[in-house]
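Below you'll find the structure, written out as structure tokens, and then a few comments.
Protein chains: 2
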Amino acid sequence: MNILVLGGDGYLGWPTALYLSRRGHRVGVVDNFARRGYDLEMGVESLVPIVSLQRRVRRWREISDLAVDTYVGDLTDPAFVTQAVTSFGPDAVVHFAEQRSAPYSMIDRNHAVYSQVNNVVGTLNLLYAIAEHNRDIHLVKLGTMGEYGTPNIDIEEGFIEITHRGRTDVVPYPKQPGSFYHLSKVHDSHNIMFACRIWGIRATDLNQGIVYGHETEETGLHPELATRFDYDGVFGTVLNRFCVQAVTGNNLTVYGSGGQTRGMLNIVDTLACIELALEHPADPGEFRVFNQFTESFSVQQMAEMVAAEVPGANIEHTSDPRVEKEEHYYRAAHTKLLDLGLKPHLLTSTVLKSILAVAEQYKANVDTAAFRPTVNWRSTASELATARGSAPRAPADHEGDQAVARV
Amino acid sequence: MNILVLGGDGYLGWPTALYLSRRGHRVGVVDNFARRGYDLEMGVESLVPIVSLQRRVRRWREISDLAVDTYVGDLTDPAFVTQAVTSFGPDAVVHFAEQRSAPYSMIDRNHAVYSQVNNVVGTLNLLYAIAEHNRDIHLVKLGTMGEYGTPNIDIEEGFIEITHRGRTDVVPYPKQPGSFYHLSKVHDSHNIMFACRIWGIRATDLNQGIVYGHETEETGLHPELATRFDYDGVFGTVLNRFCVQAVTGNNLTVYGSGGQTRGMLNIVDTLACIELALEHPADPGEFRVFNQFTESFSVQQMAEMVAAEVPGANIEHTSDPRVEKEEHYYRAAHTKLLDLGLKPHLLTSTVLKSILAVAEQYKANVDTAAFRPTVNWRSTASELATARGSAPRAPADHEGDQAVARV
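Shown next as structure tokens:
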């Protein structure tokens, strides 16, 4: 299969590209290096050093004898999107290429507008490129479980059957997202569903939980194939932050009571889910939603699990900088990927130890200032806005600089 | 009350501004003349001639001795929005200032992206300006009944109580909009609901039906106070188009079977609804939704009603350029505004005759080429895209040109 991985330089995009490459697919990677640009803007780095995309791709070729095409450019540039889709000729597009941090989107107005415009316009341009070039292309789009929020009823996979005043219909599951980032994913989902309806496009929206884990079979083959490990308060996920706090002798900081419960999954299950979606594509015109996670944990539970692995680790409760329910009902369906054959890798002590080992190995790189929550949902301008000013530009985000290289 | 009317130069914004001015409120009008720009782009005009905003405002002052402030600028410019809100100091903002045509948003990719970015970013900037300046400002936002689509169950006003697997919750009503324009309004609704939650803003989302009628008490006072009358295939509403087709001896063209059923209301009821929303504001932090229409008709019914008034008028069925159900269940709640005291003006023969009289009076201005549907939902690029090229710019859409005048 010809598979174009958008955002293929990122935390999940890069391991996905390698995984699909190794399984015999022809893979192309599209990226504008926005994620590396956010590092520059925030003054933080992946705990595990990562090399340039070009170097990663060369190293992969040396090790596997497999080529990966690269397309450097921005999805908000329609000419670039059309060029990438037309020249690569994908059977499927896996779309990770969005600003993916809730706190980042809440820094200030510039970051909120950037997050929504970047994500929504990129996806709109992609939908048009697919509709114009080949409506049979299967779009596999990364959404988030955060689109649903925390309703007081069970969460279903994208749609819910409602019986109301004596009539019954299956309708999109109501969305109550919790940040301007999460909202951008809801906007995307509505736009994609509509594009499927009017143009007969086939799409799978993967409402993914929080991903943990660092190494995959492919990224473990060489240090230059490593993917990112983020632990900071803006882009890091809470489990990584707890692990890094624990190995550096800092308190594990839980926002509020820690009753916030979220779906989670191992990075190796992300790759398996994407492969399952690709192998079993949506029908023409179908907008299909899978909830992509394997277990649910509260933040307090995660802190306790990490603390149990590290003697002397302390849990500290701080005020919650987000506006969210600190205690709530949470039960979300996630059977569709299991039905397709997913075999979950759960969050065992062994897995936690492996993440802690990464943190331990690179602990000299840790910037403890990066732990601190710097973005408050109740304020319209965080200290980061004051410190850093206007809207971010990705390093490659200028016209006329769209290198297309086959490495 | 100090009331800022965004999009106050448009079909509904202008009559709203005059209505509120006459009732003793201090009124400011914000506009970037985007609507007049679309006329230039499409090569069509309001059937009833309209004068410049400045001249309208001067004429209103001569007749009523009431001043209206004007702010010329674009809501996608955050500095302009902040300036307008800060200098006018509104108690309430009535927000009409969005691209409001479904066919226009479906012309091609440029117009889809423009419609979503213009509407979503303008509203985001407004939300930030309110949150920064005065969180007590009541936002009255124009949405559309088209946000709901045509589900096979009753449509409620914004929220629905669902009992699911033994648990009950009240959640946002699921949305299934039918164009990139309608989608932009859904995106807005989600963003506004979130802003109310995190910042304690108060907002009323008016999901309005299709508005008909031309004259209000205030616009009827002088020809220079007239509002727009659009009958073309892109910005005109179907009832206006049928009236103009009928008086010019053309067939009334119904898309498909004509079973498409929509909520509708008289322009004078729009003004009354907005006044009721302003007089009974949402609570701090409340995101309130009213369905703003008074009756439902199918397109076929509308065509028959117009034809019945004009001897010799013929109805012609053409293929539907939109992707929509031509026959469907439709029952939508609309009791909240009635509960606040709305007294509907229904679509009687007298009302139809008054619209037909406007069409008759100005029939020398009719461009029959404008009747034709030029935008097809199934295509990614309509003939208008070919003819007119890239994304539209509003006449006033450039920085450093934000005249603020008190007339």
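Chains A and B, in that order, give the protein sequences. So for the first sequence, my numbering puts the first residue at 592; every next one is plus one. So for the second sequence, my numbering puts the first residue at 592; every next one is plus one. The C-beta atom is built at its ideal place from N, Cα and C for all residues, glycine as well.
Against chain A, the beta carbon of F878 of chain B has no neighbour under 7 Å; the closest one sits roughly 11 Å away. In terms of CA proximity to Y629 of chain B, B:D823 leads the group B:A894, B:D668 and B:D823.
For A675 of chain B, no chain A residue has a C-beta closer than 9 Å to its own C-beta; the minimum C-beta separation is roughly 15 Å. Note that the C-beta distance between L666 of chain A and N716 of chain A is below 8 Å.
Listed as beta-bridge partners of G619 of chain A by DSSP are A:L595 and A:D660. Inclusion of I698 of chain B and H805 of chain B in the CB contact set at 8 Å is not warranted, their separation being larger than that value. From the beta-carbon of N782 of chain B, the residues of chain A found nearer than 7 Å are L774.
Secondary structure note for L730 of chain B: its beta strand (DSSP E) is the uninterrupted segment H729 to T735. Contact with chain A is absent for R793 of chain B, since none of that chain's Cβ atoms lies less than 8 Å from the residue's Cβ. Under DSSP, H919 of chain B shares a beta bridge with no residue. Taking all protein chains shown into account, K944 of chain B has fewer than 16 neighbouring C-beta atoms within 10 Å of its C-beta and is therefore exposed.
Within the stretch 845 to 895 of chain A, the runs of alpha helix (DSSP H) at least 4 residues long that lie entirely inside it are, in chain order, 858 to 870.
Distance from the CA of T971 of chain A to the CA of Y772 of chain A, rounded to the nearest whole angstrom, comes to 15 Å. Three or more beta-carbon pairs separated by less than 8 Å are not found between the stretch 610 to 628 of chain A and the stretch 827 to 845 of chain A, which leaves the two stretches without contact.
DSSP lists B:G734 and B:N882 as the bridge partner or partners of N798 of chain B.
Annotation: V761 of chain B is outside any alpha helix (DSSP H); the continuous beta strand (DSSP E) that includes it extends over R758 to P763. In this structure, B:S775 is the residue among B:R853, B:A608, B:L830 and B:S775 with its C-alpha nearest to the C-alpha of G734 of chain B. The closest CA to that of E747 of chain A, considering only A:R758, A:P763 and A:T909, is found on A:P763. In this model, G849 of chain B and G740 of chain B are separated by some 16 Å (Cα to Cα). From the beta-carbon of N593 of chain B, no residue of chain A is found nearer than 8 Å; the closest lies around 22 Å away. Residue nearest to Y719 of chain B within the set B:V672, B:N701, B:I744 and B:Q707 is B:V672 (criterion: CA-CA distance). Residue range S940 to Q952 is occupied by the alpha helix (DSSP H) that includes I946 of chain B. Inter-segment contact for the stretch 924 to 936 of chain B and the stretch 894 to 910 of chain B is absent: fewer than three beta-carbon pairs are separated by less than 8 Å.
What I698 of chain B touches in chain A, judged by beta-carbon distance under 7 Å, is nothing: the nearest beta carbon there is about 12 Å away.
The DSSP-derived three-state label of T754 of chain A is strand.
With a cutoff of 8 Å on beta-carbon distance, I792 of chain A and A868 of chain A are scored as not near each other. In the three-state scheme derived from DSSP, where H, G and I count as helix and E and B as strand, D779 of chain B is classed as helix.
Just measuring C-alpha positions, the residue of A:E808, A:P640, A:F785 and A:V890 sitting nearest V829 of chain A is A:V890.
Residue pairing for D699 of chain A: DSSP places it in a beta bridge opposite A:A972.
The beta strand (DSSP E) runs of length 3 or more contained entirely in the stretch 637 to 689 of chain B are, from start to end of the chain, 659 to 663 and 683 to 686.
Between the alpha carbons of D874 of chain A and I783 of chain A lies a distance of about 14 Å. One finds N743, I744, D745 and Y920 in chain B with Cβ atoms closer than 8 Å to the Cβ of R758 of chain A, taken in chain order.
Looking at the DSSP output, R819 of chain A bridges to nothing. Shown in chain order are the members of the stretch 708 to 723 of chain A whose Cβ falls below 8 Å from a Cβ of chain B: V708, V711, V712, L715, N716, Y719, A722 and E723.
For T714 of chain A, the three-state secondary structure derived from DSSP is helix. Look at L830 of chain B here: in three-state DSSP terms it is helix.
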